Structures are given as structure tokens and as C-alpha cells.
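Trainee: Pasting in a structure now, in C-alpha cells, and then I'll have a few things to ask.
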Amino acid sequence: MTQLHVLRGDITKMEVNAIVNAANSSLLGGGGVDGAIHRAGGPAILEACRAIRARQGGCATGKAVITTGGKLPAPYVIHTVGPVWNGGRHNEAALLADCYRNSLQLALEHGLKSIAFPNISTGIYGYPKAEAAEVALRTVRDFCAEHPEALEAVYFVCFDEENWRVYQSLACITN
Ligand code: AR6
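Each residue of the sequence shown is one higher than the one before, counting from 0 in numbering that gives the first Met the number 0.
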């Protein structure tokens, strides 16, 4: 059984096997959590991202790739590209679910036991926070039910006040 945890803080400080980055398809870094992860992890992460770009030309929305965590406490970073919110009728929910599922699948394939997610797409990409949290919680729960031996712990790390409130209320209701 996988334990799901909701907490508030900075994902770059998490001592887990992998933290997830809300990246963009260039994999070359950006603002928000992406900027924080590259700053804290150092140049080894960007170097690994460049190698992936050279091989496969970036990362499509909904897909995920894995790199070293560089100087981070977490040995791995899983980079996934969330959808840009565009009103909700452009496949945003399915693409956001893909981000969580494909990240968990990569963790499983690498034998990882703990993973921490930020609130993907809910910053610069503008996804409404309550809707995004529902997708995140449902997708992670479903994946863990299908793969009960895969992961020991999944953390939802909320950075901003609004996400923290949303996750606390949703986690209570649906636990
Ligand atoms: N730890 C945890 N969560 C954080 C941190 C942190 N240190 N910093 C911010 N957040 P965003 P997106 C939260 O904008 O919406 C980048 O430029 C933040 O409160 O980082 O998926 C990429 O390169 C929010 O809830 O990612 C892309 O171009 C959440 O992280 C684009 O932004 C996601 O906000 C991706 O946009």
C-alpha cells in the first residue's frame, strides 16, 4: 500500500527518491518550480536535460523524462510537461493526468520507492487549482491501486497557500 501525504513547503528540500519538476517542452529550465529545482540542483541537471534533448528533441506535453538530481537531496528529478490551461476544452485534464501517470511509471521502472510532486500546471500555466488537485489525487490513487507494490510514499508538496488549502480539503474528503 502506498501512503499519500499532503504537505506544504519547498520541493527542492524533499528527501525522497525523486522529485517531479513542472518543466516545459524545451527541458532547458524556466521560472517557478523549474527554476528553483535547477538552481538548487546545479548544472548537472541541465547537462542531463541537454543530453535528452539531443536524443529525443525535448519532451511533449503529458510525457516525462528522468535525470540526476545533481546536488539535491533527491537523487533523481522526473521532468514532466503540464498542459497550459486554455479554458478546459483542449484536453487539459487528460494531459495533466498523463503527467502524473507517466511520472509514476518512470519511478516504477527505476525501482524508486518515494516521489514528491509539485502542483503541476497551477502556476505560470494557469490551470485552476481545485480542478488540478482533483486530477492529481485521482490519478495518483488509481495508479497506486493498480500497482500496490510499486511505491511506498507519494508526497504532494504545496508551495502556495491556495493549493495547500485545496489539497487539505480534498485529501480529507476523499481519504
Ligand atoms: N516547491 C514546490 N512548489 C513550487 C515551488 C517550490 N520551490 N516553486 C513554485 N512552486 P509553475 P507550471 C509551485 O509556474 O504552472 C516554468 O517556467 C507553484 O506554487 O512552477 O506547470 C516552466 O519552465 C505552483 O503551484 O509551473 C514552464 O515553462 C506550481 O509549483 C512553466 O513554468 C507550478 O507552478 C510551467 O508552468
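A virtual CB, placed ideally from N, CA and C, is assigned to each residue, including glycine.
Only a predicted model underlies this, so the values are computations on that prediction, with no experimental measurement involved.
Could you tell me whether the region 65 to 78 touches the region 89 to 99, using the rule of 3 or more Cβ pairs below 8 Å?
Mentor: They do not touch, by the three-pair rule.
Trainee: Across which residues does DSSP place A17 in a beta bridge pair?
Mentor: In the DSSP output, where bridge partners are listed per residue, A17 has Y75 and I114.
Trainee: So L105 and V139 are supposed to be a Cβ contact under 8 Å. How far apart are they, rounded?
Mentor: At roughly 14 Å, the Cβ-Cβ gap does not stay under 8 Å, so L105 and V139 are not in contact.
Trainee: Starting from H4, follow its DSSP beta bridges and name the residues at the other end.
Mentor: Its beta-bridge partners are Y154.
Trainee: To which residues of the same chain is A43 closer than 6 Å at the C-beta, ignoring the five residues directly before and after it?
Mentor: Contacts found: T67 and G69.
Trainee: Is V156 closer than 9 Å to G34 when the C-beta atoms are compared?
Mentor: Against a cut-off of 9 Å, the Cβ pair of V156 and G34 comes out as no contact.
Trainee: For I17 and A73, which I take to be in contact (beta-carbon distance under 8 Å), what is that distance rounded to the nearest angstrom?
Mentor: Correcting the residue identity first, residue 17 is Ala in this sequence and not Ile. With 8 Å as the limit, A17 and A73 qualify as a contact, their Cβ atoms being about 6 Å apart.
Trainee: I need the straight-line Cα distance from N23 to E148, nearest angstrom please.
Mentor: Approximately 31 Å, taken between the alpha carbons.
Trainee: Can you name the start and end residues of the alpha helix (DSSP H) that V32 belongs to?
Mentor: Segment G31 to G40, the alpha helix (DSSP H) holding V32.
Trainee: Taking the DSSP output, what are the residues bridged to A50?
Mentor: Partner(s): none; A50 has no beta bridge.
Trainee: Am I right that Y166 and V19 are in contact with their C-beta atoms under 8 Å? What's the rounded C-beta distance?
Mentor: With 8 Å as the limit, Y166 and V19 do not qualify as a contact, their Cβ atoms being about 15 Å apart.
Trainee: Compare the C-alpha of I85 against each of E46, P127, G31 and V134 and name the closest.
Mentor: Per the sequence shown, residue 85 should be read as Asn rather than Ile. Cα-wise, what sits closest to N85 is P127.
Trainee: Could you give the first and the last residue of the continuous alpha helix (DSSP H) run that contains A131?
Mentor: Where A131 is concerned, the enclosing alpha helix (DSSP H) stretches over K128 to E145.
Trainee: Mapping DSSP to helix, strand and coil, what is V83?
Mentor: Coil.
Trainee: Whole-angstrom Cβ separation of P117 and A21, contact assumed at under 8 Å?
Mentor: Correct: roughly 5 Å between the Cβ atoms.
Trainee: Do the CB positions of A132 and M13 come within less than 9 Å of each other?
Mentor: Result no, Cβ atoms of A132 and M13 do not sit closer than 9 Å.
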